[in-house]
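Be aware that the first sequence starts at 1, since it is given in the numbering used here, and climbs by one per residue.
Even for Gly, the Cβ is constructed at its ideal location relative to N, Cα and C.
Below is one structure; the comments refer to it alone.
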Amino acid sequence: MRSSDDPKHSRSAARERDIIAVLLALNPGEVVTYGGVADTAGHPRQSRLVGRILAERSDELDLPWWRVVNASGRLVPGHEREQRRLLAAEGVMVAANGRVRPRNP
DNA sequence: TCCTTGACGAGAT
DNA sequence: CATCTCGCCAAGG
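Shown next as structure tokens:
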């Protein structure tokens, strides 16, 4: 029996699994939103989970965190310069107002 | 078990 | 544009 809290089959494990898959599938130059990633992963309204995964496991899993911005096109707080540099390397320009136009608003 | 904290989002004020 | 409220949810205290 799969106990509801089995880390390998819990609902949260499935959400993380799906969200991570979507993140790893992002291509260079492709900018998406937290909510967009959640939707694509089949887990609408889980934008906060997307942010948490990026914040805690980007290094470990080599997630392309710089290709994710919030619904307003704002860059990640505290990482603007680094993110801007990484995006520029992929041909994505940040507007003068400090925003980017996401592919899936 | 309850409460607070977020790389969030949408809507109201 | 700045704040707030409410929804959502894993983590950590």
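Across the stretch 59 to 67 and the stretch 16 to 28, are there enough close Cβ pairs to call them in contact, namely three or more that are closer than 8 Å?
Note that the stretch 59 to 67 touches the stretch 16 to 28; at least 3 beta-carbon pairs, one per stretch, sit closer than 8 Å.
Closest by CA to D18, which one among G42, D59, H9?
G42
Provide the residue span of the alpha helix (DSSP H) that contains S72, from first to last.
No alpha helix (DSSP H) holds S72; DSSP gives it neither H nor E.
Given 8 Å as the limit, is there contact between the stretch 31 to 38 and the stretch 84 to 101, that is, 3 or more CB pairs closer than that?
yes
Entirely enclosed alpha helix (DSSP H) segments - the stretch 3 to 74, minimum 4 residues
11 to 24, 34 to 40, 47 to 61
Span separating the alpha-carbon of R101 from that of Q83
14 Å
Rounded to whole angstroms, what's the CA-CA distance from S12 to I53? Just pull it up for me.
If I take the Cα positions, the gap works out to 11 Å.
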